[in-house]
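Novice:
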Amino acid sequence: MNIAIVGTGYVGLVSGACFAEIGANVTCIDVDEKKIARLVEGEIPIYEPGLDELVKKNVKAGRLKFTTSLAKVLNEQEVVFSAVGTPPDEDGSADLRYVLQVAKTIGENLDKPIVVVTKSTVPVGTALKVRKTIQAELDKRGKDIKFDVASNPEFLKEGNAIKDFMSPDRVVVGVESENAKKVLTRLYKPFLINNFRVIFMDVPSAEMTKYAANSMLATRISFMNDIANLCELVGANVNMVRAGIGSDTRIGRKFLYPGCGYGGSCFPKDVKALIKTASDNGYEMEVLKAVERVNEQQKLILFKKLQQVFAGQSLKGKTIALWGLAFKPETDDMRESTALVIIDLLRRADCNIRVYDPIAMDECKRRVGDVVTYCKDMYDAVLDADALLLLTEWKEFRLPSWEVIAKAMKQSVVIDGRNIYDSEELKEAGFKYLCIGK
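Using my numbering, you'd call the opening residue of the sequence shown number 179 and step up by one each time.
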């Protein structure tokens with residue numbers, strides 16, 4: 179099967195490499211000529227474990243190609259996936275200009291039947307806009323060509339995307355015709371031979387499912403952060419509370435971990451977009467408004483704890499070490515990361531900031547420049563530090579040598595934003611230890 183994927187960002191590149199891995203002939207398209215040139219040379223513009231090898235393997239096998247022109251390859255394809263960006267506008271709505279530009283290009287150049295699939299996260303009603311845009315261009319050309327429009331939202335977890343794509347727990351597909359259902363069944367069947375878990379539904383429901391899923395997960399995170407903050411005030415231990423409620427099969431254990439706020443490319447953007455979609459339709463998503471508000475406050479909590487530790491003292495001139503910059507482990511993605519908020523607060527307080535992240539250092543340099551000191555490893559980061567703040571729970575941070583760290587730091591203060599350390603162990607090692615919800 180010949181398929182094209184427009185957009186070589188996180189979703190597009192992972193999807194293209196994985197479709198090629200199961201034998202499809204895939205052409206990935208992007209208007210960024212430099213990015214395409216790098217991909218042709220085997221340079222991967224994003225970090226995702228295993229993606230580098232998968233792309234190189236399938237390029238070598240001839241199943242994965244890259245180009246800057248959708249028009250040139252469009253009529254060789256059976257399916258075209260649109261995986262371009264949908265950045266949030268200032269009002270929180272999803273910016274659909276790139277999605278509709280892809281649709282316009284298709285309409286301007288289409289000469290044969292095709293299935294057009296939106297894989298980008300888009301508001302309900304976008305597929306209808308895509309259909310109208312394609313049809314308008316065909317009408318201008320006087321062409322009567324049958325095409326199908328479908329929705330196939332992605333549910334990839336950064337850091338685990340290839341496994342998620344190759345062995346999905348479900349694939350959601352919104353279709354409006356039997357032909358689109360037949361084509362997409364054939365495409366996804368190799369991933370799900372033993373247990374075909376494609377959930378077909380109408381297109382608007384598929385578009386809504388993506389937003390609803392991410393908003394539910396964001397809600398669980400903000401709920402637990404709210405509970406954690408209350409636990410601190412009343413003397414309860416949020417870890418015990420989490421174990422107690424997570425054992426209820428109606429609730430489950432996943433996404434019940436308190437911390438210093440969620441970030442990334444999906445949760446913040448999708449929560450805002452769903453709130454805006456509701457508002458545009460005369461409805462207010464009160465729960466999601468609270469979820470967003472709690473999360474924004476939670477990103478400040480480590481700085482507030484730092485102020486508590488040094489109550490009565492100015493933070494000016496103090497050296498603060500940050501472990502972790504990415505919004506989560508196994509990615510270099512710093513979009514909406516708590517680290518960006520903390521760095522800004524520390525800068526305003528005239529602190530000296532020393533940072534280390536296994537992967538996201540270059541991304542941090544791109545975003546904030548040289549206002550922080552970039553360190554070679556986690557021990558270098560704590561040198562002469564007055565406090566250490568853990569922001570991202572990378573595996574290499576889980577079992578540090580506290581003896582070495584105590585000797586390297588000016589003051590033995592650890593503020594754990596992900597609750598990964600044992601409070602008794604830290605206290606025995608002579609540290610003042612603060613975490614979330616205890």
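Note that the Cβ used here is the ideal one computed from N, Cα and C, for glycine as well.
Between S355 and the rest of its own chain, which residues show a CB-CB distance below 6 Å, the 5 nearest in sequence each way excluded?
Specialist: On the sequence shown, residue 355 is found 177 positions in, with the first residue counted as 1. Within the same chain, S355 has close Cβ partners D326.
Novice: If you run the structure through DSSP and keep just helix, strand and coil, what is R526?
Specialist: Along the sequence shown, one-based indexing puts residue 526 at 348. Helix.
Novice: Name the DSSP bridge partner or partners of R532?
Specialist: Reading the sequence shown from its first residue, position 354 is the one you call residue 532. DSSP, once it has assigned bridges, lists A499 and T551 as partnering R532.
Novice: Determine the DSSP secondary structure at G608, reduced to helix, strand or coil.
Specialist: Along the sequence shown, read from residue 1 onward, the residue named residue 608 stands at position 430. It is coil, neither helix nor strand.
Novice: Can you tell me which of the three DSSP states M379 falls into?
Specialist: Position 201 of the sequence shown, counted from the first residue, corresponds to residue 379. Residue state, collapsed to three classes: strand.
Novice: Taking the alpha-carbon of L480 as reference, which of T397, A565, K494 and R545 has the nearest alpha-carbon?
Specialist: One-based indexing of the sequence shown puts residue 480 at position 302. It is A565.
Novice: Taking Cβ to Cβ, would you say P291 is nearer than 8 Å to K238?
Specialist: Taking the sequence shown and counting its residues from 1, one reaches residue 291 at position 113. Taking the sequence shown and counting its residues from 1, one reaches residue 238 at position 60. Result no, Cβ atoms of P291 and K238 do not sit closer than 8 Å.
Novice: Use the C-beta contact count for Y461: other C-beta atoms within 10 angstroms, 16 or more gives buried, fewer gives exposed.
Specialist: Here residue 461 corresponds to residue number 283 of the sequence shown, with the count starting at 1. The residue in question, Y461, is exposed, as its Cβ has fewer than 16 Cβ neighbours within 10 Å.
Novice: Secondary structure at F575, three-state DSSP: helix, strand or coil?
Specialist: Position 397 of the sequence shown holds residue 575. Looking at F575 - three-state DSSP - the assignment turns out to be helix.
Novice: Note the first and the last residue of the continuous alpha helix (DSSP H) segment covering K183.
Specialist: Taking the first residue of the sequence shown as 1, we reach residue 183 at position 5. As written in the sequence, residue 183 is Ile, which differs from the Lys given in the question. I183 -> not in any alpha helix (DSSP H); beta strand (DSSP E) instead, spanning N180 to V184.
Novice: Do you know how far the Cα of I423 is from the Cα of K243?
Specialist: Position 65 of the sequence shown holds residue 243. Position 245 of the sequence shown holds residue 423. Going by the C-alpha atoms only, they are around 49 Å apart.
Novice: So, is E474 buried or exposed, given that buried needs 16 or more other C-beta atoms within 10 angstroms?
Specialist: Walking along the sequence shown from the start, residue 474 turns up at place 296. Burial call: exposed.
Novice: Whole alpha helix (DSSP H) runs in the stretch 278-346 with 4 or more residues, listed along the chain?
Specialist: Counting only runs of 4 or more, we get 304-319 and 339-344.
Novice: Leaving out five residues before and five after T283 in sequence, what residues of the same chain have Cβ atoms less than 7 Å from its Cβ?
Specialist: One-based indexing of the sequence shown puts residue 283 at position 105. Counting only Cβ-Cβ distances below 7 Å, and skipping sequence neighbours, we find L248 and A249.
Novice: For I194, count neighbouring C-beta atoms within 10 Å of its own C-beta (all shown protein chains included) and say buried if the count is 16 or more, exposed if not.
Specialist: Within the sequence shown, residue 194 is the residue found at index 16, counting from 1. Per the sequence presented here, residue 194 reads as Gly, with Ile not at that position. Its Cβ being crowded by 16 or more others within 10 Å, G194 is buried.
Novice: If we count the other Cβ atoms within 10 Å of its Cβ and call it buried at 16 or more, is K588 buried or exposed?
Specialist: Walking along the sequence shown from the start, residue 588 turns up at place 410. Classification of K588: exposed, given that the 10 Å Cβ count is below 16.
Novice: For the alpha helix (DSSP H) holding D230, just list the boundary residues, first then last.
Specialist: Here the question's residue 230 lines up with position 52 in the sequence shown. D230 -> alpha helix (DSSP H) spans L229 to K238.
Novice: Thinking just about the alpha-carbon of each residue, which of I583, T427, E286 and P507 is nearest to the one in G337?
Specialist: As a first step, residue 337 must be located in the sequence shown, where it is residue number 159. Closest by alpha carbon: P507.
Novice: What is the residue span of the alpha helix (DSSP H) that F259 lies within?
Specialist: For this step, residue 259 is matched to residue 81 along the sequence shown. It is not in any alpha helix (DSSP H) - F259 instead sits in the beta strand (DSSP E) that spans V257 to S260.
Novice: Ordered along the chain, which non-local residues of its own chain (more than five positions away) have a Cβ less than 6 Å from that of I312?
Specialist: Mapped onto the sequence shown, residue 312 falls at position 134. Correct list, in chain order: A281, I284 and G285.
Novice: With distance defined between alpha-carbon atoms, name the residue in V300, V419, D289 and I598 nearest to D267.
Specialist: Within the sequence shown, residue 267 is the residue found at index 89, counting from 1. For D267, the nearest C-alpha among the options comes from V300.
Novice: When burial is assigned at 16 or more other CB atoms within 10 Å of the CB, is E254 buried or exposed?
Specialist: The residue given as residue 254 occupies position 76 in the sequence shown. Classification of E254: exposed, given that the 10 Å Cβ count is below 16.
Novice: What does the Cβ neighbour count give for K212, buried or exposed, with the cut at 16 atoms within 10 Å?
Specialist: Counting from one through the sequence shown, the residue named residue 212 turns up at place 34. Counting Cβ neighbours within 10 Å, K212 comes out exposed, since fewer than 16 surround it.
Novice: Out of P436, K610 and G430, state which residue places its alpha-carbon closest to the alpha-carbon of V416.
Specialist: Within the sequence shown, residue 416 is the residue found at index 238, counting from 1. Of the listed residues, the one whose Cα sits closest to V416 is P436.
Novice: Could you spell out where the beta strand (DSSP E) holding L242 opens and where it closes?
Specialist: As a working note, residue 242 is residue 64 in the sequence shown. Looking at the DSSP string, the run of the beta strand (DSSP E) that includes L242 is L242 to T245.
Novice: Can you check DSSP and say which residues form a bridge with P266?
Specialist: Against the sequence shown, residue 266 aligns to sequence position 88. DSSP lists A272 as partners of P266.
Novice: I need the DSSP call for G194, collapsed to helix, strand or coil.
Specialist: The residue you call residue 194 lines up with position 16 of the sequence shown. Helix.
Novice: For I537, which residues of its own chain have a beta-carbon under 6 Å away from its beta-carbon, when the five flanking residues on both sides are left out?
Specialist: Here residue 537 corresponds to residue number 359 of the sequence shown, with the count starting at 1. Contacts found: Y225 and D510.
Novice: Pop quiz: G502 and L612 are said to be a contact at Cβ under 8 Å. What is the actual Cβ separation, rounded to whole angstroms?
Specialist: On the sequence shown, residue 502 is found 324 positions in, with the first residue counted as 1. On the sequence shown, residue 612 is found 434 positions in, with the first residue counted as 1. Wrong, their Cβ atoms sit about 16 Å apart, outside the cutoff.
Novice: Roughly how many whole angstroms lie between the Cα atoms of E470 and M418?
Specialist: As a working note, residue 470 is residue 292 in the sequence shown. As a working note, residue 418 is residue 240 in the sequence shown. Each residue's Cα considered, the two are about 25 Å apart.
Novice: Inspect the beta-carbon positions of P331 and A384 and report whether they are closer than 8 Å.
Specialist: The count along the sequence shown starts at 1 and reaches residue 331 at position 153. The count along the sequence shown starts at 1 and reaches residue 384 at position 206. In this structure, A384 lies closer than 8 Å to P331 by Cβ.
Novice: Quick one, which of T246, E315, G303 and V192 has its alpha-carbon nearest S271's?
Specialist: Taking the sequence shown and counting its residues from 1, one reaches residue 271 at position 93. That would be G303, whose Cα lies nearest to the Cα of S271.
Novice: Excluding five sequence neighbours on each side, which residues of the same chain lie with their C-beta closer than 6 Å to the C-beta of L288?
Specialist: By 1-based counting over the sequence shown, the position of residue 288 is 110. Here the set comprises I323.
Novice: Under the DSSP definition of a beta bridge, which residues are partnered with V592?
Specialist: The residue you call residue 592 lines up with position 414 of the sequence shown. Answer is L566 and Y611.
Novice: Alpha carbon to alpha carbon, what distance is there between I200 and A563?
Specialist: Numbered from 1 along the sequence shown, position 385 holds the residue referred to as residue 563. Numbered from 1 along the sequence shown, position 22 holds the residue referred to as residue 200. Near 50 Å, if we compare the C-alpha coordinates of I200 and A563.
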